Amino acid sequence: MERTAYNYGDDTPAAWDVLARGALGRPISTRISPVLFLEELNEALLFAPPVKARLGQRPKPAGPGKTKALAASSVERPEETERRRAAQNDCRRLILPRTADEASDVFLRRLDAHQNAPEALVAPLSKPEDTKSFLRRMVAVKKNEAAGLLVMPRAKAETAEQFEARMALCEACPATVFARGAHEDPTDFKARLDAQSKCRRPIMCRSDGEPASLFRRRCAVSRACLDVVHPYDAARESADDFTRRMDAQEAAPELSIAPGDKKVVGSLVRESAEEGAAALAEEIAAKLRLEEEAKAAAASKEEAAKAEAAAISKQRQRQDSMDDEAEAAKEAEERAAKKAAAAAAEAEKAAEEAEAAEKAKALWKKAVEKVDINSIGFMALKQMLISKGVPPDAVKVPNKFMLKEVAAKHGVNIEWS
1 MERTAYNYGD DTPAAWDVLA RGALGRPIST RISPVLFLEE LNEALLFAPP
51 VKARLGQRPK PAGPGKTKAL AASSVERPEE TERRRAAQND CRRLILPRTA
101 DEASDVFLRR LDAHQNAPEA LVAPLSKPED TKSFLRRMVA VKKNEAAGLL
151 VMPRAKAETA EQFEARMALC EACPATVFAR GAHEDPTDFK ARLDAQSKCR
201 RPIMCRSDGE PASLFRRRCA VSRACLDVVH PYDAARESAD DFTRRMDAQE
251 AAPELSIAPG DKKVVGSLVR ESAEEGAAAL AEEIAAKLRL EEEAKAAAAS
301 KEEAAKAEAA AISKQRQRQD SMDDEAEAAK EAEERAAKKA AAAAAEAEKA
351 AEEAEAAEKA KALWKKAVEK VDINSIGFMA LKQMLISKGV PPDAVKVPNK
401 FMLKEVAAKH GVNIEWS
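Each residue of the sequence shown is one higher than the last, beginning at 1 in UniProt numbering.
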């Protein structure tokens with residue numbers, strides 16, 4: 001994945017700092033994507049529980065990671081430290097000591113969550129989260145089986161109903177779900193949760209100044225991307241730049257495109273436009289082929305109907321001496337005449353449609369096309385000239401500038417720039 005400088009603004013999760021400082025004694029840079037941040041956090045908190053050894057041998061760690069529980073905090077009682085160390089041997093992530101914001105029974109509920117979800121990242125209770133919200137979060141931690149996942153604490157901006165909706169999603173979502181952001185209204189928050197339920201990567205909160213329509217566009221684009229799509233960043237891009245970045249992100253979902261990276265965005269948008277022009281030319285050609293086939297089929301059907309009517313008429317003449325047979329032949333002739341009339345009407349309709357298609361094709365060929373000779377691809381320009389009536393043999397030239405001469409020779413209306 002590409003390294004993009006991320007800006008979380010007012011929505012930097014406090015739980016990240018709590019866990020990083022608890023494991024490393026220092027923060028981790030928040031200029032990286034949520035995916036990379038959680039990878040670093042998981043690496044810092046990885047614990048290797050000892051494996052039972054034979055009598056007389058020292059226990060060995062089960063794999064990479066820390067081999068000792070974290071030291072006791074200033075508020076942790078000795079019996080609480082012992083409970084934490086005992087629980088640590090059942091877990092693959094370090095358990096942070098009891099914090100000043102946690103009551104003893106709340107701390108024990110966190111130990112229980114660790115033991116039920118041994119590979120989860122569990123942040124302690126910290127203000128403004130209350131005990132009830134903390135206990136609901138521990139339920140979500142225990143229900144989600146994804147390794148290395150962090151269920152974010154309740155944010156100050158979240159109502160009880162909004163927090164419950166996020167916890168319900170966190171119970172099954174394979175990605176970390178951000179709490180309601182500082183610049184999100186209830187409609188924005190619900191739209192992000194709906195999009196997150198269909199996305200395997202975290203969707204960041206609506207940023208400061210991000211237009212509502214562009215925020216929803218980003219939520220939709222995020223579903224196919226391999227990394228987290230950065231929100232609109234007014235310091236690095238305009239709204240038009242952001243729209244072009246979303247176009248480029250759709251064209252290359254495997255990339256992480258930074259706000260303001262006009263070089264990458266311009267290249268991807270130009271390639272997409274060239275592919276679109278070639279596809280349009282092929283679509284028009286296919287439509288014309290279908291119309292020609294329909295016209296030929298209608299003409300064939302009309303000829304068959306006429307032949308059938310002639311055969312019935314001849315048969316009626318041979319049986320004219322018999323009144324009953326003559327009457328039957330007459331009825332058959334009337335039926336055939338009706339079929340012939342219907343076929344003729346169908347053929348006339350097909351001819352009118354073909355004529356209209358030819359007129360549309362002629363108008364399209366005469367339409368002035370604006371083309372940037374420096375940015376359009378060689379093959380895309382060839383396809384454009386062929387679709388405007390230039391014979392395929394005429395475009396067999398080595399470069400775009402000779403194609404420009406071919407276009408002029410065949411009267412193709414192109415405005416070059």
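All C-beta atoms in this analysis are idealised placements derived from N, C-alpha and C, irrespective of residue type, glycine included. From a predicted model like this one, the values you see are computed outputs, not experimental measurements.
I need the boundaries of the alpha helix (DSSP H) containing Lys-370, first residue and last residue. Here residue 370 is taken as the residue at index 370 of the sequence shown, counted from 1. That residue, Lys-370, is in no alpha helix (DSSP H); its beta strand (DSSP E) goes 369-371.
Taking DSSP as the reference, what is the three-state secondary structure of Glu-125? Taking the first residue of the sequence shown as position 1, residue 125 is located at position 125. In the sequence as displayed, the identity of residue 125 is Leu instead of Glu. It is coil, neither helix nor strand.
Contacting residues, own chain, Cβ-Cβ under 7 Å from Pro-174 (five flanking each side not counted): Locating residue 174 in the sequence shown gives position 174, counting from the first residue. Ala-146, Arg-200.
Count Cβ pairs between the region 161-173 and the region 25-42 that sit closer than 8 Å; are there 3 or more? no
CA-to-CA distance, Gly-389 to Ala-407, given in whole angstroms: Within the sequence shown, the letter at position 407 stands for residue 407. Within the sequence shown, the letter at position 389 stands for residue 389. So the alpha carbons of these two residues sit roughly 10 Å apart.
Which stretch, first to last residue, makes up the beta strand (DSSP E) that contains Glu-415? Position 415 of the sequence shown holds residue 415. Unbroken beta strand (DSSP E) run through Glu-415: 414-416.
Using a threshold of 8 Å, state whether the C-beta atoms of Ile-95 and Leu-121 are closer than that. On the sequence shown, residue 95 is found 95 positions in, with the first residue counted as 1. On the sequence shown, residue 121 is found 121 positions in, with the first residue counted as 1. No, the pair does not count as a contact, with Cβ atoms beyond the cut-off.
Could you pull out every unbroken beta strand (DSSP E) segment of at least 3 residues lying fully inside the region 203-257, listed in chain order? none
Between the C-alpha atoms of Val-177 and Arg-93, what's the straight-line distance to the nearest angstrom? In the sequence shown, the residue the question calls residue 177 occupies position 177. In the sequence shown, the residue the question calls residue 93 occupies position 93. Taking the straight line from one Cα to the other gives about 20 Å.
Per DSSP, what kind of secondary structure is Arg-93 in: helix, strand or coil? Taking the first residue of the sequence shown as position 1, residue 93 is located at position 93. Looking at Arg-93 - three-state DSSP - the assignment turns out to be strand.
Cβ neighbours of Ala-87 in the same chain (closer than 7 Å, five flanking residues each side left out): The residue you call residue 87 lines up with position 87 of the sequence shown. These residues qualify, in order along the chain: Ile-95, Leu-111, His-114, Gln-115.
So, at 8 Å on beta carbons, what are the nonlocal neighbours of Glu-164 in its own chain, with the 5 sequence-adjacent residues on each side left out? Against the sequence shown, residue 164 aligns to sequence position 164. The answer, listed in chain order, is Arg-136.
Could you give the distance in angstroms between the alpha-carbon of Val-102 and the alpha-carbon of Lys-132? By one-based count along the sequence shown, residue 102 stands at place 102. By one-based count along the sequence shown, residue 132 stands at place 132. The displayed chain sequence assigns Glu, not Val, to residue 102. Straight-line Cα distance between these residues: approximately 12 Å.
Spatial neighbours of Met-138 in its chain, beta-carbon cut-off 6 Å, leaving aside the 5 residues before and after: Here the question's residue 138 lines up with position 138 in the sequence shown. So the list reads Arg-109, Ala-113, once near-sequence residues are dropped.
Determine the DSSP secondary structure at Lys-66, reduced to helix, strand or coil. One-based indexing of the sequence shown puts residue 66 at position 66. Lys-66: strand per DSSP, three-state reduction.
Have a look at the DSSP bridge pairing and note the partners of Phe-47. Here the question's residue 47 lines up with position 47 in the sequence shown. The partner list for Phe-47 (beta bridge, DSSP) reads Lys-66.
In three-state DSSP terms, what is Leu-150? In the sequence shown, the residue the question calls residue 150 occupies position 150. Strand, per DSSP.
What's the C-alpha gap between His-410 and Pro-211? Taking the first residue of the sequence shown as 1, we reach residue 410 at position 410. Taking the first residue of the sequence shown as 1, we reach residue 211 at position 211. Roughly 47 Å between the two C-alpha positions.
Helix, strand or coil for Asp-185? Go by DSSP, reduced to three states. What you label residue 185 is simply residue 185 of the sequence shown in a count that begins at 1. Residue state, collapsed to three classes: coil.
Simplified DSSP state of Cys-170, which is helix, strand or coil: Mapped onto the sequence shown, residue 170 falls at position 170. The answer is helix: DSSP assigns Cys-170 an H, G or I state.
Once you ignore the five residues that flank Ala-20 on each side, which residues in its own chain have a CB closer than 6 Å to its CB? Reading the sequence shown from its first residue, position 20 is the one you call residue 20. Excluding residues within five positions, the ones whose Cβ falls inside 6 Å are Pro-27, Ile-28.
Thinking just about the alpha-carbon of each residue, which of Ser-300, Ala-220, Lys-338 is nearest to the one in Val-228? Here residue 228 is taken as the residue at index 228 of the sequence shown, counted from 1. Selected option, being the one with the closest Cα: Ala-220.
Use the C-beta contact count for Asn-89: other C-beta atoms within 10 angstroms, 16 or more gives buried, fewer gives exposed. Locating residue 89 in the sequence shown gives position 89, where the first residue counts as 1. So Asn-89 ends up on the exposed side.
Within 8 Å, strictly: CB atoms of Lys-404 and Ile-373: Locating residue 404 in the sequence shown gives position 404, counting from the first residue. Locating residue 373 in the sequence shown gives position 373, counting from the first residue. Yes, Cβ-Cβ distance for Lys-404 and Ile-373 is below 8 Å.
Going by the beta-carbon positions, is the gap between Ala-347 and Glu-308 smaller than 8 Å? As a first step, residue 347 is located in the sequence shown; it is residue number 347 there, counting from the start. As a first step, residue 308 is located in the sequence shown; it is residue number 308 there, counting from the start. For Ala-347 and Glu-308, no; Cβs fall outside 8 Å.
Relative to the C-alpha of Ala-354, which candidate in Glu-293, Leu-150, Ser-104, Glu-80 has its C-alpha closest? What you label residue 354 is simply residue 354 of the sequence shown in a count that begins at 1. Closest option to Ala-354, Cα to Cα, is Glu-293.
Going by Cα to Cα distance, which pick from Glu-119, Arg-316, Ala-160 is closest to Lys-143? Taking the first residue of the sequence shown as 1, we reach residue 143 at position 143. Nearest C-alpha to Lys-143: Glu-119.
C-alpha distance - Ala-140 paired with Leu-24, whole-angstrom precision: One-based indexing of the sequence shown puts residue 140 at position 140. One-based indexing of the sequence shown puts residue 24 at position 24. About 26 Å.
If you count every other CB in all the chains shown that lies within 10 Å of the CB of Leu-38, and 16 or more means buried, which is it? The residue given as residue 38 occupies position 38 in the sequence shown. Buried: at least 16 other Cβ atoms inside 10 Å.
Buried or exposed (CB count within 10 angstroms, at least 16 for buried), Thr-4: Within the sequence shown, numbered from 1, the residue matching residue 4 stands at position 4. Looking at its Cβ environment, which holds 16 or more other Cβ atoms inside 10 Å, Thr-4 is buried.
In its own chain, which residues sit with a C-beta less than 7 Å from the C-beta of Asp-157, not counting the 5 before and 5 after it? If you number the sequence shown from 1, residue 157 lands on position 157. A small fix is needed here, since residue 157 is Ala in this sequence, not Asp. So the qualifying residues of the chain are Arg-180, Ala-182.
With DSSP run on the structure shown, which of helix, strand or coil describes Ala-191? On the sequence shown, position 191 is the one that residue 191 refers to. In this structure, Ala-191 counts as helix in the three-state DSSP scheme.
Under 8 Å, do Ser-213 and Ala-195 count as touching if we go by C-beta distance? Against the sequence shown, residue 213 aligns to sequence position 213. Against the sequence shown, residue 195 aligns to sequence position 195. Going by C-beta atoms, Ser-213 is not nearer than 8 Å to Ala-195.
Which residue marks the beginning of the alpha helix (DSSP H) containing Ala-14, and which one marks its end? Mapped onto the sequence shown, residue 14 falls at position 14. Segment 14-24, the alpha helix (DSSP H) holding Ala-14.
Where Ala-175 falls: helix, strand or coil (DSSP): Mapped onto the sequence shown, residue 175 falls at position 175. Of the three classes helix, strand and coil, the one that applies to Ala-175 here is coil, per DSSP.
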